[in-house]
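What follows is a single structure, written as structure tokens, with notes after it.
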């Protein structure tokens, strides 16, 4: 390994073109400067400068070493800046959450990125188990999940709740028979959401999600309500997804006797502190979730 102190002396010598000036800049003696250069040459086993009188010329090997040294010191400076800078307003923000939550939060995350141009937001929509895997493999720093995970290495905080909505075509008189006739518009979280709503509100009639015909399936969150708006079926989605739909007059949120709310947990590695920039998300989470955090 090349001695960094000797490299610094060599860089200064090349830039000042004078042994005495180099000694003054580095608060050394002139013999000390000469000794550093000789030690570099011995270590690399090649001449770095060609001396003539009180002057010198840099050899080809010396020019290569100079370029290498400059690059090394620049990279070291960048590395130290990254360590010492709290990075509150720059760097990557990497998180995963459900598709519904991504749809709810992504516009606000883009506003953060626009306000802080040196921040890059990377968001992925994924199911709970995939989010946990991404977190444990350090692909993301933060996740939002809807079920508590029994893992001592993970820290989980209940942020609030997202109400589940039974959504049907506008103008329909919705009853159990009407739902069965319409059929279910399924999506990646459809069965998970549907079972919760139907079990809580139709306990006498509901006999399993498989007993209801599937009238369609779509995995694009922003399009799930399109077939509902066309009268082709009903579905169940978080309220955050329903309120974002572009044609609210073509759908209806069915009033329910038993409200079902899905918890939202912030999850991260317990022993891996988040970079400072993630504090920008705290106010966003506070604004986005219900204040009702009772279990």
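Numbering (the working numbering), first residue to last: 376 to 670. Even glycine gets a Cβ: it sits at the ideal position worked out from N, Cα and C.
{"query": "Residue 615 in three-state terms, based on DSSP", "result": "helix"}
{"query": "Residue 500 - partner residues in DSSP beta bridges", "result": "472"}
{"query": "Three-state class that DSSP yields for residue 513 in the structure shown", "result": "coil"}
{"query": "Beta-carbon separation (whole angstroms), residue 642 vs residue 510, contact threshold 8 Å", "result": "6 Å"}
{"query": "Member of 658, 612 and 624 whose CA lies at the smallest distance from the CA of residue 478", "result": "612"}
{"query": "Sufficient close CB pairs (3 or more, under 8 Å) joining the segment 561-578 to the segment 599-618", "result": "yes"}
{"query": "C-alpha distance - residue 542 paired with residue 556, whole-angstrom precision", "result": "14 Å"}
{"query": "Beta-carbon gap between residue 533 and residue 637 smaller than 7 Å", "result": "no"}
{"query": "Counterpart residues of residue 589 in DSSP-defined beta bridges", "result": "559"}
{"query": "Residue from 526, 444, 621 and 587 whose Cα sits closest to the Cα of residue 382", "result": "444"}
{"query": "Pair within 7 Å by beta-carbon distance, residue 391 and residue 411", "result": "no"}
{"query": "Per DSSP, the bridge partner or partners of residue 581", "result": "Paired residues: none, contrary to the question."}
{"query": "C-alpha gap between residue 434 and residue 424, whole angstroms", "result": "5 Å"}
{"query": "Counterpart residues of residue 640 in DSSP-defined beta bridges", "result": "520 and 533"}
{"query": "Reduced DSSP secondary structure (H/G/I, E/B, other) of residue 425", "result": "strand"}
{"query": "Residue 389 classed as buried or exposed, judged by whether at least 16 other C-beta atoms fall within 10 angstroms", "result": "buried"}
{"query": "Coil, strand or helix - residue 650 by DSSP", "result": "coil"}
{"query": "For residue 495, the three-state DSSP class (helix, strand or coil)", "result": "strand"}
{"query": "Rounded Cβ spacing between residue 651 and residue 463 (contact assumed at less than 8 Å)", "result": "4 Å"}
{"query": "Distance CB(residue 559)-CB(residue 599) smaller than 7 Å", "result": "no"}
{"query": "Residue 479, DSSP secondary structure in three states", "result": "helix"}
{"query": "Expected contact under 8 Å - CB spacing of residue 664 and residue 536 to nearest Å", "result": "7 Å"}
{"query": "Which listed residue (606, 531, 561 and 573) has its alpha carbon closest to that of residue 644", "result": "531"}
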